[in-house]
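Please read the structure below before turning to the comments.
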Amino acid sequence: MELYILSGETSGGVCLKCRHNTAGRHCHYCREGFYRDASKPITHRKACKACDCHPVGSSGLTCNQTSGQCPCKDGVTGTTCNRCAKGYFQSRSTVAPCIKVYKVEKPKPDPKQDKCGKCPASRKKLHLKKYCKRDYAIQADILSRETVGEWVRFGIHVRHVFKAGPVKLRTGPQSLWISQAEAQCACPKLRLKHSYLVLGNNQEGRKYSGLHASKDSTVIEWKDDWPWRMRRFQRRQRNGRCKNP
Numbered sequence: 001m002e003l004y005i006l007s008g009e010t011s012g013g014v015c016l017k018c019r020h021n022t023a024g025r026h027c028h029y030c031r032e033g034f035y036r037d038a039s040k041p042i043t044h045r046k047a048c049k050a051c052d053c054h055p056v057g058s059s060g061l062t063c064n065q066t067s068g069q070c071p072c073k074d075g076v077t078g079t080t081c082n083r084c085a086k087g088y089f090q091s092r093s094t095v096a097p098c099i100k101v102y103k104v105e106k107p108k109p110d111p112k113q114d115k116c117g118k119c120p121a122s123r124k125k126l127h128l129k130k131y132c133k134r135d136y137a138i139q140a141d142i143l144s145r146e147t148v149g150e151w152v153r154f155g156i157h158v159r160h161v162f163k164a165g166p167v168k169l170r171t172g173p174q175s176l177w178i179s180q181a182e183a184q185c186a187c188p189k190l191r192l193k194h195s196y197l198v199l200g201n202n203q204e205g206r207k208y209s210g211l212h213a214s215k216d217s218t219v220i221e222w223k224d225d226w227p228w229r230m231r232r233f234q235r236r237q238r239n240g241r242c243k244n245p
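What follows is the structure in structure tokens.
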């Protein structure tokens, strides 16, 4: 007031009781808790808008008096701190409402799997030509598995013998041998306590006695209609429909 009097009552005064949420010596800016609406003159009754900071996303309820930007918590963005920033996802925590998304590195492929490749889809198909080229055809239950040197021995129970070839086959317990490399590649894939239709070849000079299977063998999950199909192949074989491979 003293400055106002000394200036000849022309300047230096301080405004009292600012209205419409303004503040300052001349009521020329918005008071704390409000921000300026630039589209309206400072004398307008709605020139100052109340801060609308999100109660969870913001770290305080007082915004920037010029821009209206609220102070956001880590990972939160937006003028009112109402959404998660890019690279963050929303949580249920009120302390950390947005959590950073970390990239999970994909495991490097196993070099063994790279060598395997895809198991031939044709081994799951059954037709007369394939039946004729195989030494044996059986229904077998897989009971056990063990590694013996470079081979894997499956303990099986032969339920039905549809074709035996030069080797005598009987129902009951048998051994089915698959090389360890092909067993690791699951080609053919055999699961314990499952029943399969197996068509394969037995080569002479094998180190271990019993049946042998490989990626060229036909190994299919057992179905109730396989006996009918196999009997039909047997009839055609007896009628001379099988040609020597």
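Following UniProt numbering from start to finish, the sequence shown increments by one per residue and tops out at 245. Glycine included, C-beta positions come from ideal geometry on N, C-alpha and C.
Assumed close pair residue i, residue j - CB separation to whole angstroms, cut-off 8 angstroms
i      : j      : result
CYS72  : CYS84  : Not really, about 10 angstroms apart at Cβ, beyond 8 angstroms.
GLN65  : ARG36  : 7 angstroms
LEU126 : ILE220 : 7 angstroms
ASN82  : GLY60  : That pair is no contact at about 15 angstroms.
CYS51  : GLY24  : Not quite, the Cβ-Cβ distance comes to about 18 angstroms (not below 8 angstroms), so this is no contact.
Three-state secondary structure assigned by DSSP to residue i
i      : result
ALA140 : strand
GLU105 : coil
PRO41  : coil
CYS70  : coil
LEU16  : coil
Where residue i falls, given that 16 or more other Cβ within 10 Å makes a residue buried
i      : result
HIS212 : buried
PRO41  : exposed
SER93  : exposed
ARG134 : buried
PRO188 : buried
ALA140 : buried
VAL104 : exposed
VAL158 : buried
LEU190 : buried
TRP151 : buried
TRP228 : exposed
VAL76  : buried
ASN202 : buried
Residues near residue i in its chain [Cβ-Cβ closer than 8 angstroms; skip 5 each side]
i      : result
CYS48  : HIS20, ASN21, THR22, CYS30, ARG31, PHE34, TYR35, ARG36, ASP37
SER209 : SER175
ARG45  : ARG19, HIS20
CYS27  : CYS15, CYS18, ARG19, ILE42
ASP74  : ALA96, CYS98
CYS119 : CYS185, ALA186, CYS187, PRO188, LYS189, LYS215
SER179 : GLU150, TRP151, VAL152, SER214
ARG170 : VAL158, VAL161
SER91  : PRO97, CYS98, ILE99
Same chain, Cβ closer than 6 angstroms to residue i, neighbours up to 5 away in sequence not counted
i      : result
VAL101 : GLY87, PHE89
LYS215 : GLU182, CYS187
TRP226 : LEU197
LEU199 : ARG134, ALA137, THR218
HIS194 : ILE142
CYS70  : CYS53, SER58, CYS63, THR80, CYS81
CYS116 : CYS185
TYR131 : PHE233
Those residues which DSSP pairs with residue i across a bridge
i      : result
TRP151 : VAL148, SER179
THR94  : DSSP output for THR94 lists no bridge partner at all.
PRO173 : HIS157
PHE89  : ILE99
GLU32  : In the DSSP output, where bridge partners are listed per residue, GLU32 has none listed.
LYS46  : Answer is none; LYS46 lacks a bridge partner.
LEU197 : GLN139, ILE220
VAL76  : CYS84
Contact set for residue i: own chain, Cβ-Cβ below 7 angstroms, skip 5 residues either direction
i      : result
PHE162 : ALA137, ILE138, MET230, GLN234
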